[in-house]
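Asker: Structure provided below as structure tokens; questions to follow.
Residue numbers (full-length UniProt numbering), protein chains in the order written: chain A, 1 to 314; chain B, 1 to 314.
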């Protein structure tokens, strides 16, 4: 069984509120075809790629909020992407706003296999932002208002035989900055981490100290180090650019199990990056430096689960 | 109270087995004086700086092993460093091989205040290497043979008033690659992480895929990202160069709470790096992106403490 897979990150430029669903889906299909043309067998799309990033606004009307959500996946608004991918025998990771039959709202992602089957699903656990809007700010970060916290944990799954059966994990946006999520996947032997994001190009909580360059650096750094410390490949893909007047960083990246960048986007627009990924390259780290069974000391890690916030010494 | 502290990393070149204790201590005192001359109020020395890195050899004679250990700190072999630091009103972090009155062996570090008092102590938890030597290898990594695992957890402490009372943590060498230790300090509000290391310039477990450049990159990356993800300053200091025929990486580094390198060593020898550290620069991260109380979800992190090794899906 070959354990080498050609993977693409399909960075997207901005989706304006005025853009139709059809126009955005057509761009995603064009990216998929571009990636397939470059030999990619798996294409990673951003978080919430089907619409603009609506949590930047306080929306009073729940019907308007729900118009950004998918009640099934696929559904008529997204079916063409699934059909084209299946025809091309290309799998994909895609984020979406999920509205369940029970009326729950999640920030979710799925990975779809080359045969069109859904291989795995994840609901974002580390929701950033606030429930209530911050007075006076032009843009909000209201994910905690519109979404419930993910309730599925960090469930790794095996990719198909044609991909080399990699142990695969999914994270969404802010999750990539939290080593706990990576480690929960690491403890399942993760070899491939798939991540989509929408990250403001300024401090979304109102500060002025974080430039787009610094925030792109943070984004790349977190993925590099967590990939290294869990000896996994990682593909982290942005929606980027000036979206409805609010800036989003780019910097989509494919990182190897040493934390070394294998490919990185250069623009803030629609852009495909590709890397050839050898899952056996994870073995060096997993068997030596990060042989967890040999080296971890969980009896000293209890604060990680016993405590939520920081408690400084007196 | 000023929260700005001038900190030095005192990278050391190699200590050959043939070097006398006195000669090595004299080099450490020279580094201390160099750092004090550059205005440093706190100097960070490497792991096990008083001798060569003895775990690279299989030593049959326990008396010889114990000759590398300190039965008290300070003791006549190290007193001159403590005296000079106190006279200069400079604090320091220093590693040492600790032999307790009960006969226990630990890979330890202490931080000494500007008045000569011991502010905190740490015993290395993530011991790398093996208990038994690997057949056929010229150099071993026998820390698991010569040391017991640290038994004090990750105890943060406050620095003195003259330093701005920073919440301070200590790690030793391999610990810096394990996000669990960093997080346990992060949950105590750490603002300053002190680390000493001896890291082989090749794969110490016998592989050939890790060059000195890659291993220096790993070392810096782990410190940068864990500093960022815990919104803390970090000072990580090497013993470097060709030590008794075995190569050690350099790359000693001072990193800010954004994960940005503030100072980095350029040589593999005795070298002082200095940075001015503002502990209030930790607030942006701690109050926003890494506001743990607002954003952590420990109910989903249980595998981190319930499990030691990785368990891949079937």
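C-beta: ideal position from N, C-alpha, C; glycine also.
1. For residue 275(B), list the residues DSSP reports as bridge partners.
2. Would residue 309(B) count as contacting chain A if we go by Cβ distances under 8 Å?
3. Taking only beta-carbon positions, decide if residue 203(A) is within less than 8 Å of chain B.
4. Just to check my reading of the structure: residue 311(A) and residue 187(B) have Cβ atoms closer than 8 Å, yes? What is that Cβ distance to the nearest angstrom?
5. Could you give the first and the last residue of the continuous beta strand (DSSP E) run that contains residue 79(A)?
6. Give the interface partners of residue 184(A) over in chain B, defined as CB-CB distance under 8 Å, in chain order.
7. Sorted by chain position, which residues of the same chain lie with C-beta nearer than 8 Å to residue 128(A)'s C-beta, five sequence neighbours on each side aside?
8. Using 8 Å as the limit for Cβ to Cβ distance, is residue 136(A) near chain B?
9. Contact defined as beta carbons within less than 8 Å: I believe residue 55(A) pairs with residue 146(A). What is the distance between those atoms, to the nearest angstrom?
10. For the segment 123-147 of chain A, list every residue whose C-beta sits within 7 Å of some C-beta in chain B, in sequence order.
11. For residue 42(A), which option in 153(A), 304(A), 60(A), 88(A) has the closest C-alpha, if you only look at C-alpha atoms?
12. If I measure Cβ to Cβ from residue 262(A) and keep anything under 6 Å in the same chain, skipping five residues before and after, which residues do I get?
13. Measuring CB to CB, does residue 284(B) end up less than 8 Å from residue 207(A)?
14. Going by C-alpha distance, which of 219(A), 224(A), 216(A) is nearest residue 217(B)?
15. Nearest-angstrom Cα distance between residue 278(A) and residue 3(A)?
16. Please check if any C-beta of chain B sits within less than 8 Å of the C-beta of residue 284(A).
17. Checking contacts by CB at 8 Å: is residue 188(B) closer than that to chain C?
18. Around the C-beta of residue 179(A), are 16 or more other C-beta atoms found within 10 angstroms, so that it is buried, or is it exposed?
19. Output yes if chain A places a C-beta closer than 8 Å to the C-beta of residue 26(B); else output no.
20. By how many angstroms is the C-alpha of residue 9(A) removed from the C-alpha of residue 86(A)?
21. Please go through the segment 172-208 of chain B and give each complete alpha helix (DSSP H) segment of 4 or more residues, from N-terminal end onward.
22. In whole angstroms, give me the CA-to-CA distance for residue 62(A) and residue 69(A).
23. In chain order, what residues of the segment 152-180 of chain A put their CB closer than 8 Å to some CB of chain B?
24. Helix, strand or coil, according to DSSP, for residue 20(B) in the structure here?
25. CA-CA distance, residue 15(B) and residue 98(B)?
26. Find out if the Cβ-Cβ distance for the pair residue 271(B), residue 11(B) is shorter than 8 Å.
27. Does the Cβ-Cβ distance between residue 196(B) and residue 157(B) come in under 8 Å?
28. Measuring straight from C-alpha to C-alpha, what distance separates residue 267(A) and residue 159(A)?
29. On the DSSP letters alone, give me the boundaries of the beta strand (DSSP E) that residue 92(A) sits inside.
30. How would you call residue 131(B), buried or exposed, if buried means at least 16 neighbouring beta carbons within 10 angstroms?
31. For residue 242(B), does the count of other Cβ atoms within 10 angstroms reach 16, so buried, or fall short, so exposed?
32. Measure the alpha-carbon distance for residue 281(A) versus residue 210(B) and round it to whole angstroms.
33. Using a C-beta to C-beta distance shorter than 7 Å, which residues of chain B count as neighbours of residue 209(A)?
Answerer: In brief:
1. Counting from one through the second chain, the residue named residue 275(B) turns up at place 275. DSSP lists 7(B) as partners of residue 275(B).
2. The residue labelled residue 309(B) in the question sits at position 309 within the second chain. Yes, residue 309(B) counts as interfacial toward chain A.
3. Here the question's residue 203(A) lines up with position 203 in the first chain. Put simply, the CB of residue 203(A) is near chain B, with a gap under 8 Å to one of its CB atoms.
4. Working through the first chain from its first residue, we reach residue 311(A) at position 311. Working through the second chain from its first residue, we reach residue 187(B) at position 187. Contact annotation, residue 311(A) with residue 187(B): C-beta distance approximately 7 Å; criterion of less than 8 Å satisfied.
5. Taking the first residue of the first chain as position 1, residue 79(A) is located at position 79. Counting along the chain, residue 79(A) falls outside any beta strand (DSSP E), though it belongs to the alpha helix (DSSP H) covering 79-88.
6. In the first chain, residue 184(A) corresponds to position 184, counting from 1. By Cβ distance, chain B contributes 300, 301, 303, 304.
7. Indexing the first chain from 1 puts residue 128(A) at position 128. Annotation for residue 128(A): 141, 143, 144, 173, 174, 204 place their beta carbon closer than 8 Å to its own, counting only its chain and skipping 5 residues before and after.
8. Within the first chain, the letter at position 136 stands for residue 136(A). Residue 136(A) does not count as touching chain B.
9. On the first chain, position 55 is the one that residue 55(A) refers to. On the first chain, position 146 is the one that residue 146(A) refers to. Going by Cβ atoms, the distance from residue 55(A) to residue 146(A) rounds to 6 Å, so yes, they are a contact pair.
10. The residues in question are 125, 126, 128.
11. Start at 1 with the first residue of the first chain, and residue 42(A) comes out as number 42. The shortest C-alpha separation from residue 42(A) is found at 88(A).
12. Within the first chain, numbered from 1, the residue matching residue 262(A) stands at position 262. Excluding sequence neighbours, residue 262(A) sits near 254, 256, 275.
13. Stepping through the second chain from its first residue, residue 284(B) is reached at position 284. Stepping through the first chain from its first residue, residue 207(A) is reached at position 207. Contact flag set, yes.
14. Position 217 of the second chain, counted from the start, is the residue given in the question as residue 217(B). Closest by alpha carbon: 224(A).
15. Along the first chain, read from residue 1 onward, the residue named residue 278(A) stands at position 278. Along the first chain, read from residue 1 onward, the residue named residue 3(A) stands at position 3. Each residue's alpha carbon lies about 6 Å from the other.
16. Residue numbering aside, residue 284(A) sits at position 284 when the first chain is read from its first letter. So, interface residue.
17. Any reference to chain C falls outside this structure, whose protein chains are A and B.
18. In the first chain, counting from the first residue as 1, residue 179(A) sits at position 179. Result: buried.
19. Taking the second chain and counting its residues from 1, the one referred to as residue 26(B) is at position 26. No - not a single Cβ of chain A is within 8 Å of the one on residue 26(B).
20. Residue 86(A) sits at position 86 when you count from the first residue of the first chain. Residue 9(A) sits at position 9 when you count from the first residue of the first chain. Looking at the two C-alpha atoms, the distance is approximately 18 Å.
21. The qualifying runs are 179-186.
22. Counting from 1 along the first chain, the entry for residue 62(A) is found at position 62. Counting from 1 along the first chain, the entry for residue 69(A) is found at position 69. Distance between the alpha carbons of residue 62(A) and residue 69(A): 11 Å.
23. Contact residues of the segment 152-180 of chain A toward chain B are 153, 154, 156, 157, 158, 167, 174, 177, 178, 179, 180 (C-beta to C-beta distance below 8 Å).
24. Within the second chain, the letter at position 20 stands for residue 20(B). Coil at residue 20(B), not helix or strand.
25. For the purposes of this step, residue 15(B) is identified with residue 15 of the second chain, where counting begins at 1. For the purposes of this step, residue 98(B) is identified with residue 98 of the second chain, where counting begins at 1. Those two C-alpha atoms are separated by around 18 Å.
26. Residue 271(B) sits at position 271 when you count from the first residue of the second chain. Residue 11(B) sits at position 11 when you count from the first residue of the second chain. Less than 8 Å separates the beta-carbon of residue 271(B) from that of residue 11(B).
27. Start at 1 with the first residue of the second chain, and residue 196(B) comes out as number 196. Start at 1 with the first residue of the second chain, and residue 157(B) comes out as number 157. Not in contact: residue 196(B) and residue 157(B) (Cβ atoms no closer than 8 Å).
28. Numbered from its first residue, the first chain carries residue 267(A) at position 267. Numbered from its first residue, the first chain carries residue 159(A) at position 159. Approximately 30 Å between the Cα atoms of the pair.
29. Here residue 92(A) corresponds to residue number 92 of the first chain, with the count starting at 1. For residue 92(A), the enclosing beta strand (DSSP E) has its first and last residue at 91-99.
30. Here residue 131(B) corresponds to residue number 131 of the second chain, with the count starting at 1. Burial call: exposed.
31. The residue given as residue 242(B) occupies position 242 in the second chain. Per the 10 Å Cβ criterion, exposed.
32. Here residue 281(A) refers to the residue found at position 281 of the first chain. Here residue 210(B) refers to the residue found at position 210 of the second chain. Distance between residue 281(A) and residue 210(B), taken at the CA atoms: about 12 Å.
33. Along the first chain, one-based indexing puts residue 209(A) at 209. Simply 284.
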